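Participant: Sharing a structure, written as structure tokens. Questions coming.
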Amino acid sequence: MSGWNNNYGGNNGFGGGGGGSGFGGGMGGGNMPDTPITLPSGTDSISSLNFNPAQQDVLIASTWCNKVMAWRIGGQIGNVQSKPLAQITHKGPVLCTAVAPNGIVLSGGACGTAKMWTIGQQPKQIAAHDKPISCISFCTSRNLVATASWGKKLRLWDTRNNKPSYDVNLEGKAYSMDSRNSLIVVACSGRKIQIFDLRYLGQGRKPWQTKESSLKNQIRCVSIFPNVKGYAAGSICGRVAITNFDDRDSKNNFMFKCHRKKESDASNKAKVYAVNAIEFHPKGTFATAGSDGQFVFWDKDSRQRLQKFDLPNETPISACAFNKNGNFFAYAVSYDWSKGFQDAHKYPRNEIRLHPVKGHLIVFACVQIGVGACDTLPLCGTTTASIIS
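Just so we're aligned, residue 33 is where the sequence shown starts under my numbering, counting upward by one.
Encoded structure:
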């Protein structure tokens with residue numbers, strides 16, 4: 033594994049003539065220039081983004097062209113630069129990445145294998161499934177790597193050997209997964225949400241909770257709250273469900289509509305787009321990214337939309353991530369395959385951009401300028417656990 037060659041370009045200037053485009057709308061108004069990261073020619077769709085928690089200025093991306101790539105992000109808001117560091121190759125499209133607290137990068141893909149690697153060293157295979165590995169995560173409480181696949185399997189691995197420590201059957205294909213502390217949440221086909229507590233997984237290897245999501249369509253993404261009291265799930269029908277683990281907190285469960293655009297005619301109908309990614313800011317607010325080319329910042333506690341940013345021409349955003357301090361938000365402009373292979377040629381654009389996050393806007397916005405300046409979430413039905421719309 034070596035550094036990238038000169039075809040990958042040099043550092044990118046922030047905004048201005050370097051091609052950074054601003055995005056209007058959202059609370060506070062005005063445009064925020066976003067920094068493009070240079071990608072190698074021929075790069076296919078970006079499937080995942082992660083910042084390295086050990087080195088928060090390192091960004092990791094996986095692609096459908098079998099690559100996992102890393103950049104070093106430097107500078108400050110108004111003068112951000114990116115430098116390619118390294119890349120590795122899988123035998124098939126890479127569908128997922130994660131980064132352990134010590135900076136080790138994990139990746140899994142369509143070839144059914146998962147790798148771990150330290151930037152600057154050779155990667156090592158650590159896991160295998162019979163079907164594509166769609167999700168990967170590092171479980172800090174047990175020092176294990178979790179992989180989930182389209183083969184309806186969740187496996188936990190001690191990276192010192194190639195045999196799974198736990199092999200658990202899922203109720204459907206794994207579409208998304210997240211882990212924090214001892215908990216793992218897996219979003220499966222059939223709108224199933226399965227929650228595992230690693231403290232008790234050895235006792236029968238059954239999930240702690242299995243739920244049918246209140247979302248009426250396929251779940252696309254899931255993300256656990258930073259305080260580990262619940263999770264947010266997004267679906268292909270432009271909805272997000274906020275769910276608490278403890279049934280005693282079910283009064284705080286709700287759904288809301290998002291990533292929709294009104295038709296240009298007078299029908300008052302709206303186009304509905306998939307929610308491709310949900311990522312929490314360290315302070316507890318969160319971002320959604322969708323097939324409509326929007327990324328939006330939300331506050332679930334006050335049930336407010338904080339800011340919305342719109343890409344032109346409805347170019348999908350396939351993945352996103354906050355860095356450890358929450359002052360940068362990375363997002364991938366890329367085809368998300370939501371309209372199938374036949375429409376891939378309509379979205380040839382593949383970019384990764386860095387968006388500077390102003391803390392006073394995303395964290396304290398509703399307090400500072402008044403709730404009236406925020407948009408109330410378009411709730412679906414009631415705010416109980418049984419909401420269906």
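Using N, Cα and C, we set each Cβ at its ideal position, and we do this for glycine too. This structure is a prediction, so every number in the text was calculated from the model and none was measured.
(1) When the Cα atoms are used, what is the spatial distance from Ser267 to Thr121?
(2) Whole angstroms is fine: what's the gap from Tyr216's alpha carbon to Ile227's?
(3) If you compare alpha carbons, which of Val328, Glu311, Phe257, Thr67 is closest to Gly107?
(4) DSSP has Asp199 in a bridge; who is on the other side?
(5) So is Gln339 buried or exposed if we call it buried at 16+ other beta carbons inside 10 Å?
(6) Once DSSP output is grouped into helix, strand and coil, what is the label at Arg223?
(7) Quick check on Lys185: buried or exposed, where buried means 16 or more other Cβ atoms within 10 Å of its Cβ?
(8) Going by Cα to Cα distance, which pick from Ser80, Lys99, Ala264 is closest to Cys128?
(9) Just reading off the beta strand (DSSP E) that Ser81 is part of, what are its end residues?
(10) Would you check if the distance between the CB atom of Ala86 and the CB atom of Pro133 is smaller than 8 Å?
(11) Spatial neighbours of Cys220 within its chain, please: C-beta separation below 7 Å, excluding the five flanking residues on both sides.
(12) Could you name the residues that DSSP lists as bridge partners for Ser388?
(13) Within this structure, are the beta carbons of Gly183 and Ala160 separated by less than 8 Å?
(14) If we ignore side chains and look at the alpha-carbon of each, how far apart do Trp36 and Ser366 end up?
(15) In this structure, how does DSSP classify Ser169 when only helix, strand and coil are distinguished?
(16) Give me the Cβ distance between Met148 and Ile136, rounded to the nearest whole Å; I'm assuming they're in contact under 8 Å.
(17) Closest to Ile251 by C-alpha separation, out of Ala264, Lys123, Asn259, would be which residue?
(18) From the DSSP output, in three-state form, read off Arg280 for me.
(19) Just the C-alpha distance for Gly325 and Leu247, rounded to the nearest angstrom, thanks.
(20) With DSSP as the reference, label Ala309 as helix, strand or coil.
(21) Distance, Cα to Cα, Asn63 vs Arg292?
(22) Quick one, which of Tyr379, Asp190, Asp76, Lys224 has its alpha-carbon nearest Ser245's?
(23) Going by C-alpha to C-alpha distance, which of Met209, Asp210, Ala178 sits closest to Lys195?
Facilitator: Let me lay it out:
(1) What you label residue 267 is simply residue 235 of the sequence shown in a count that begins at 1. What you label residue 121 is simply residue 89 of the sequence shown in a count that begins at 1. As the crow flies, the alpha-carbon of Ser267 is around 30 Å from that of Thr121.
(2) The residue you call residue 216 lines up with position 184 of the sequence shown. The residue you call residue 227 lines up with position 195 of the sequence shown. Inspection of the sequence shows that residue 216 is occupied by Ile rather than by Tyr. Looking at the two C-alpha atoms, the distance is approximately 6 Å.
(3) Looking up residue 107 in the sequence shown gives position 75. Closest by alpha carbon: Thr67.
(4) One-based indexing of the sequence shown puts residue 199 at position 167. In DSSP, Asp199 forms a bridge with Arg187.
(5) For the purposes of this step, residue 339 is taken as residue 307 along the sequence shown, with counting starting at 1. Gln339 comes out buried.
(6) Within the sequence shown, the letter at position 191 stands for residue 223. Here Arg223 sits in helix by DSSP.
(7) Taking the sequence shown and counting its residues from 1, the one referred to as residue 185 is at position 153. Buried is the call here.
(8) Stepping through the sequence shown from its first residue, residue 128 is reached at position 96. For the residues Ser80, Lys99, Ala264, the minimum Cα distance to Cys128 belongs to Ser80.
(9) For this step, residue 81 is matched to residue 49 along the sequence shown. Going by the sequence as given, residue 81 is Leu instead of Ser. Leu81 -> beta strand (DSSP E) spans 78 to 83.
(10) Counting from one through the sequence shown, the residue named residue 86 turns up at place 54. Counting from one through the sequence shown, the residue named residue 133 turns up at place 101. Pro133 is positioned such that its CB atom lies closer than 8 Å to that of Ala86.
(11) Position 188 of the sequence shown holds residue 220. Take Cys220, set aside five residues on each side of it, and the residues of its chain with a beta-carbon closer than 7 Å to its own are Leu202, Glu203, Gly204, Lys205, Ala206, Tyr207, Gln226, in chain order.
(12) The residue given as residue 388 occupies position 356 in the sequence shown. The sequence shown places Pro at residue 388, not Ser. Answer is Phe360, bridged to Pro388.
(13) Mapped onto the sequence shown, residue 183 falls at position 151. Mapped onto the sequence shown, residue 160 falls at position 128. In this structure, Ala160 does not lie closer than 8 Å to Gly183 by Cβ.
(14) By 1-based counting over the sequence shown, the position of residue 36 is 4. By 1-based counting over the sequence shown, the position of residue 366 is 334. Its pLDDT being 41, under 50, Trp36 is placed unreliably in this model, and the value from its coordinates should be taken loosely. Rounded to whole angstroms, Trp36 to Ser366 spans 22 Å at the Cα level.
(15) Taking the first residue of the sequence shown as 1, we reach residue 169 at position 137. Three-state DSSP puts Ser169 in a strand.
(16) As a first step, residue 148 must be located in the sequence shown, where it is residue number 116. As a first step, residue 136 must be located in the sequence shown, where it is residue number 104. Between Met148 and Ile136 the beta-carbon gap is near 5 Å, inside 8 Å, which marks them as a contact.
(17) If you number the sequence shown from 1, residue 251 lands on position 219. Here the closest residue by C-alpha is Ala264.
(18) Position 248 of the sequence shown, counted from the start, is the residue given in the question as residue 280. In the structure shown, the three-state DSSP call for Arg280 is helix.
(19) Position 293 of the sequence shown, counted from the start, is the residue given in the question as residue 325. Position 215 of the sequence shown, counted from the start, is the residue given in the question as residue 247. In this structure, the CA atom of Gly325 is about 22 Å from the CA atom of Leu247.
(20) Working through the sequence shown from its first residue, we reach residue 309 at position 277. Looking at Ala309 - three-state DSSP - the assignment turns out to be strand.
(21) What you label residue 63 is simply residue 31 of the sequence shown in a count that begins at 1. What you label residue 292 is simply residue 260 of the sequence shown in a count that begins at 1. Because the pLDDT at Asn63 is just 46, under 50, the model does not fix this residue reliably, and the value given afterwards should be weighed accordingly. Going by the C-alpha atoms only, they are around 21 Å apart.
(22) Here the question's residue 245 lines up with position 213 in the sequence shown. Selected option, being the one with the closest Cα: Lys224.
(23) Taking the first residue of the sequence shown as position 1, residue 195 is located at position 163. Residue Ala178 is the option with its Cα nearest to Lys195.
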